[in-house]
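Number of protein chains: 2
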Amino acid sequence: MSDSSIKNMEQFAAISGISRPTVSKYFNDPDSVRRSSRERIEAAIEKYNYRPNIFAMNQNRALTKNIGIVVPLLSDPYFSEIARNLEQHCIDAGYRPTLFSAHGDSKHEVEVLDNLRSLKPAGVLLAPLGRASDQDVLEKFCADVPTLIFDSNVGECGIEFVGSDNFQFARDITNYLCRSGEPPCFFEMKTPANPNAHRRRQSYLAAMEEFGFEPQVISVEGEGWAFEEIGFRGAQDALLKKAFATNTVLCSNDRLAIGFLSACYVNGITVGHGEGCAIRVAGQDGHPLTRYTCPPLTTISHNYEAVSLQAAEALFAAIDGQKQPWKSTRIEGKLILRASA
Amino acid sequence: MSDSSIKNMEQFAAISGISRPTVSKYFNDPDSVRRSSRERIEAAIEKYNYRPNIFAMNQNRALTKNIGIVVPLLSDPYFSEIARNLEQHCIDAGYRPTLFSAHGDSKHEVEVLDNLRSLKPAGVLLAPLGRASDQDVLEKFCADVPTLIFDSNVGECGIEFVGSDNFQFARDITNYLCRSGEPPCFFEMKTPANPNAHRRRQSYLAAMEEFGFEPQVISVEGEGWAFEEIGFRGAQDALLKKAFATNTVLCSNDRLAIGFLSACYVNGITVGHGEGCAIRVAGQDGHPLTRYTCPPLTTISHNYEAVSLQAAEALFAAIDGQKQPWKSTRIEGKLILRASA
DNA sequence: CCCTATATTTTACGCGCGTAAAGTTTTTGT
DNA sequence: ACAAAAACTTTACGCGCGTAAAATATAGGG
């Protein structure tokens, strides 16, 4: 418990009366040293509170336990939630995760990937920015480092792709909306950052066709990641123009829907599936706050747990040397019926 | 642009026909080498796309440019927003920020701090968990590493404290609520993680006394960081019991308020300051989504920009060797009047 | 109790780079 | 054109630790 003036493993080994390599072995696997040594080391750790420098440790190690986790934007609840899950899975499996955000910007993404190489990661879990990503950089990175791409597919690179089944998302919720009331219009951003948005639109179109309804897509302007603001403005505009052919709107994602709900509110339009409601609104993603919107938002939620677990385990398997052909795993979401639709 | 087979600075220096130490100097400061050398190095970088290993770089450097940023929980929008700001300021000042989250858990916080030492940071910007933090560990860390504490004060440790003026927050919004309608009740968590919550309660009490109103504090049960859920349940309960003496509620923070609004909605209680509204609700923090709640939430917002700038610059000054006595800087928030109150 | 097989520890070197000190070249001033 | 100053390059060593190979200690068998 005393304040260790011990600066490195050399000194620590000397004080505990054991050779440095043995101490090194101990930290790598406590059971790999003799019991008597282990006890002396552990007593010394207790006494001096010494810990090896993790970066020096990884410097000359054949296989590190580092795993890099990269998401496009940490402030987006979907990514912060999935990142949280991934980190936990890594820790549980004995790895050391490090989290990076590309801050919604392609240049940052490239920089993160560059820095990641210095970490000598055993593997990387990467959710690319999508459309904006530098494809060449991603591919080269995947070629150099065992990488599992999740959330947003960017060609067959990396070990495997794991993400949500966006076709199923839009299909199932469109299906529900059609069966429970008027068919939905589709509300989306004109230039979404993420390719999943395209899948959702296409799936909506297909589902509507299957039902024999006329689809209607409202694409609103707006760049960047301020989806609520974009949804709000787009909805304001569209509501003013009475642009929606039916009384039901399916938003491309929950954050747009949150903006949409807000626009409805300020325009005095009551949202919900009940009597006296003017419009039904649904989202997609299972954003943590959709439970608390007014009204609570009907949505289709990512299976966060399954996506993150599948992604993590596929990466671990690859790190363990199990070679598999590239594949794409798409995990179904779960419809969450609430008052908004 | 070719795929560099270059593994280290040695090889890179050899290929570019320059000594390794000179290359090292170049990466440390391109202007510190002769122009002819610089051009040759830059040509080689272009050609082989070489970058030094950032962790090896910092290994034996007297002063690194690393800055650690630690927040209690990244999934909380307040922290992700402030962290984003801090990162940008670090980058702008030529530092290399690395972001860590304590995941709302004291043990993680200790671990993060341990790992941070390995980074040999020039400085650390630390928002402690608060009540749950291991005080001894924090103090020892501050003694070893130039650390600036922000958001939540934990005794006079570190270089300086920078945070919001929580007394002013609750005072000003209580003031506004008293002047614009019935005096507010105060809605809070019984056992908040963060000491700022206590300040806000006390400030509310003081402000009410000043106005000559009877204060009323409703403290709801709930552990952890699921504030919306805690707010929702607490509000459900309190509304059912008609626990509020007035028609106005000041929530201790915006996330509780979001849960509160949701509870009002499902109970058919209209929120707002207008005609026909049953209750007024206000929050505190300036959560990014409060603009889009229904109704939009009246709140008092942190001055994110000022807090992060002040914190960053104080740290930079300390890193540059400017010794100042410890002080505490509390930055005022800005009242944001919306429809909810 | 002695010898061999196995478990540990030592020795020695490497990872990728920073940096001080000493030697060399280039630039500057005149 | 020459000396002094400035810039640069070499040399040499260090950071904190991993790891293979050699040396040593421990355990098992008769």
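Protein chains in written order, with my numbering: chain A, 2 to 342; chain C, 2 to 342.
Here a beta-carbon is modelled for each residue, glycine too, at the ideal position from N, C-alpha and C.
Remember, predicted model here, so these are calculated numbers, not experimental data.
Given 8 Å, three or more beta-carbon pairs between the stretch 172-185 of chain C and the stretch 147-159 of chain C: no
Given this structure, state the Cα-to-Cα distance separating residue 31 of chain A from residue 23 of chain A, to the nearest angstrom. Position 30 of the first sequence, counted from the first residue, corresponds to residue 31 of chain A. Position 22 of the first sequence, counted from the first residue, corresponds to residue 23 of chain A. One C-alpha to the other measures close to 10 Å.
Among A:62, A:158, A:136 and A:132, whose alpha-carbon lies nearest the alpha-carbon of residue 144 of chain A? Indexing the first sequence from 1 puts residue 144 of chain A at position 143. Of the listed residues, the one whose Cα sits closest to residue 144 of chain A is A:158.
Alpha carbon to alpha carbon, what distance is there between residue 142 of chain A and residue 61 of chain A? For the purposes of this step, residue 61 of chain A is taken as the residue at position 60 of the first sequence. For the purposes of this step, residue 142 of chain A is taken as the residue at position 141 of the first sequence. Spanning the two alpha carbons is a distance of roughly 21 Å.
Would you verify that the beta carbon of residue 260 of chain A is, or is not, closer than 8 Å to some beta carbon of chain C? Residue 260 of chain A sits at position 259 when you count from the first residue of the first sequence. Yes, residue 260 of chain A lies at the interface with chain C (some Cβ there is under 8 Å from its Cβ).
Contact defined as beta carbons within less than 8 Å: I believe residue 68 of chain C pairs with residue 91 of chain C. What is the distance between those atoms, to the nearest angstrom? If you number the second sequence from 1, residue 68 of chain C lands on position 67. If you number the second sequence from 1, residue 91 of chain C lands on position 90. About 5 Å; that satisfies the 8 Å criterion.
Within 10 angstroms of the Cβ of residue 122 of chain A, are there 16 or more other Cβ atoms? Answer buried if so, exposed if not. Taking the first residue of the first sequence as position 1, residue 122 of chain A is located at position 121. Classification for residue 122 of chain A: buried.
Can you pull the chain C residues whose beta carbon is under 7 Å from the beta carbon of residue 1 of chain A, in chain order? The question about residue 1 of chain A has no answer here: the residues shown for chain A are numbered 2 through 342.
Going by beta-carbon coordinates alone, are residue 243 of chain C and residue 222 of chain C separated by less than 8 Å? On the second sequence, position 242 is the one that residue 243 of chain C refers to. On the second sequence, position 221 is the one that residue 222 of chain C refers to. Not a contact, by the Cβ cut-off of 8 Å.
How many whole angstroms separate the CB atoms of residue 225 of chain C and residue 261 of chain C, which I take to be in contact at a CB cut-off of 8 Å? Position 224 of the second sequence, counting from 1, holds the residue named residue 225 of chain C. Position 260 of the second sequence, counting from 1, holds the residue named residue 261 of chain C. With a Cβ gap of about 18 Å, residue 225 of chain C and residue 261 of chain C do not count as contacting.
Please state whether DSSP places residue 295 of chain C in a helix, a strand or coil. Your numbering for residue 295 of chain C matches position 294 in the second sequence. If DSSP states are grouped into helix, strand and coil, residue 295 of chain C belongs with coil.
From what residue to what residue does the beta strand (DSSP E) around residue 189 of chain A run? Position 188 of the first sequence, counting from 1, holds the residue named residue 189 of chain A. According to the DSSP assignment, residue 189 of chain A belongs to the beta strand (DSSP E) that extends over 186-190.
Listed by chain order, chain C residues near residue 116 of chain A by CB distance under 8 Å: For this step, residue 116 of chain A is matched to residue 115 along the first sequence. 55, listed in chain order.
Please state the DSSP three-state secondary structure of residue 335 of chain C. Here residue 335 of chain C is taken as the residue at index 334 of the second sequence, counted from 1. In the structure shown, residue 335 of chain C adopts extended strand secondary structure according to DSSP, grouped into three states.
Chain A within 8 Å of residue 119 of chain C, Cβ atoms only: Numbered from 1 along the second sequence, position 118 holds the residue referred to as residue 119 of chain C. Residue 119 of chain C counts as touching chain A.
State the Cα-Cα distance for the pair residue 134 of chain A and residue 195 of chain A, rounded to the nearest angstrom. Taking the first residue of the first sequence as position 1, residue 134 of chain A is located at position 133. Taking the first residue of the first sequence as position 1, residue 195 of chain A is located at position 194. Cα to Cα, residue 134 of chain A sits roughly 10 Å from residue 195 of chain A.
Three-way DSSP call (helix, strand, coil) for residue 22 of chain A in this model: One-based indexing of the first sequence puts residue 22 of chain A at position 21. Here residue 22 of chain A sits in helix by DSSP.
Measure from the C-beta of residue 81 of chain C to each C-beta in chain A and report whether the shortest distance is under 8 Å. The residue you call residue 81 of chain C lines up with position 80 of the second sequence. Using a Cβ-Cβ cut-off of 8 Å, residue 81 of chain C counts as an interface residue toward chain A, since at least one Cβ of chain A sits closer than that to its own.
Quick one: give me the first and last residue of the alpha helix (DSSP H) that residue 167 of chain A is part of. Against the first sequence, residue 167 of chain A aligns to sequence position 166. Residue 167 of chain A -> alpha helix (DSSP H) spans 167-181.
Mind checking residue 180 of chain C: buried by the 16 CB within 10 Å criterion, or exposed? As a position in the second sequence, residue 180 of chain C is number 179, starting the count at 1. Exposed, by the Cβ-count rule.
Mind pulling the chain A residues with CB within less than 7 Å of residue 229 of chain C? To locate residue 229 of chain C, count along the second sequence from 1; it is residue 228. The answer, in chain order, is 290 and 293.
Cβ closer than 7 Å: which chain A residues qualify as neighbours of residue 339 of chain C? Numbered from 1 along the second sequence, position 338 holds the residue referred to as residue 339 of chain C. By Cβ distance, chain A contributes nothing, its closest Cβ being about 10 Å from residue 339 of chain C, past 7 Å.
Length-filtered (3 minimum) beta strand (DSSP E) runs lying within the stretch 95-122 of chain C: 97-102
What are the boundary residues of the beta strand (DSSP E) that includes residue 124 of chain A? Reading the first sequence from its first residue, position 123 is the one you call residue 124 of chain A. For residue 124 of chain A, the enclosing beta strand (DSSP E) stretches over residues 124-127.
Residue 129 of chain A to residue 58 of chain C span [Cα, whole Å]: Your numbering for residue 129 of chain A matches position 128 in the first sequence. Your numbering for residue 58 of chain C matches position 57 in the second sequence. Approximately 28 Å between the Cα atoms of the pair.
Taking the alpha carbon of residue 276 of chain C as the point to measure from, which residue in C:213, C:340 and C:234 has its own alpha carbon closest? Locating residue 276 of chain C in the second sequence gives position 275, where the first residue counts as 1. Comparing Cα positions, the closest option is C:340.
With a Cβ-Cβ cutoff of 8 Å, do residue 204 of chain C and residue 172 of chain C count as a contact? Against the second sequence, residue 204 of chain C aligns to sequence position 203. Against the second sequence, residue 172 of chain C aligns to sequence position 171. Yes, they are a contact pair.
Status (buried if at least 16 other CB within 10 Å, exposed otherwise) for residue 136 of chain C: Your numbering for residue 136 of chain C matches position 135 in the second sequence. Residue 136 of chain C should be labelled exposed.
Does DSSP classify residue 309 of chain C as helix, strand or coil? By one-based count along the second sequence, residue 309 of chain C stands at place 308. DSSP places residue 309 of chain C in helix when its eight states are reduced to three.
So which residues of chain C does residue 60 of chain A contact, with C-beta pairs closer than 8 Å? The residue labelled residue 60 of chain A in the question sits at position 59 within the first sequence. Within 8 Å of the CB of residue 60 of chain A, the CB atoms of chain C belong to 56, 57 and 60, in sequence order along the chain.
C-alpha distance - residue 347 of chain A paired with residue 113 of chain C, whole-angstrom precision: One cannot answer for residue 347 of chain A here, as it falls past the ends of chain A, which runs 2 to 342.
Run of the beta strand (DSSP E) containing residue 213 of chain A, from where it starts to where it stops: Position 212 of the first sequence, counting from 1, holds the residue named residue 213 of chain A. It is not in any beta strand (DSSP E) - residue 213 of chain A carries neither H nor E in the DSSP assignment.
Mind reading off the beta-carbon distance from residue 102 of chain C to residue 75 of chain C? Whole number of angstroms is fine, and I expect it under 8 Å. Taking the first residue of the second sequence as 1, we reach residue 102 of chain C at position 101. Taking the first residue of the second sequence as 1, we reach residue 75 of chain C at position 74. That belief holds up - the Cβ atoms of residue 102 of chain C and residue 75 of chain C are roughly 4 Å apart, short of 8 Å.
Against residue 233 of chain C, what residues of chain A qualify as contacts under a CB-to-CB distance less than 9 Å, listed in chain order? Within the second sequence, numbered from 1, the residue matching residue 233 of chain C stands at position 232. Those within 9 Å of residue 233 of chain C in chain A are 292 and 293.
Using a threshold of 7 Å, is the CB atom of residue 115 of chain C nearer than that to any non-hydrogen atom of the ligand ADP? Here there are no bound small molecules, and the ligand ADP is not part of this structure.
Going by the DSSP bridge assignment, what does residue 50 of chain C pair with across the sheet? One-based indexing of the second sequence puts residue 50 of chain C at position 49. Paired residues: none, contrary to the question.
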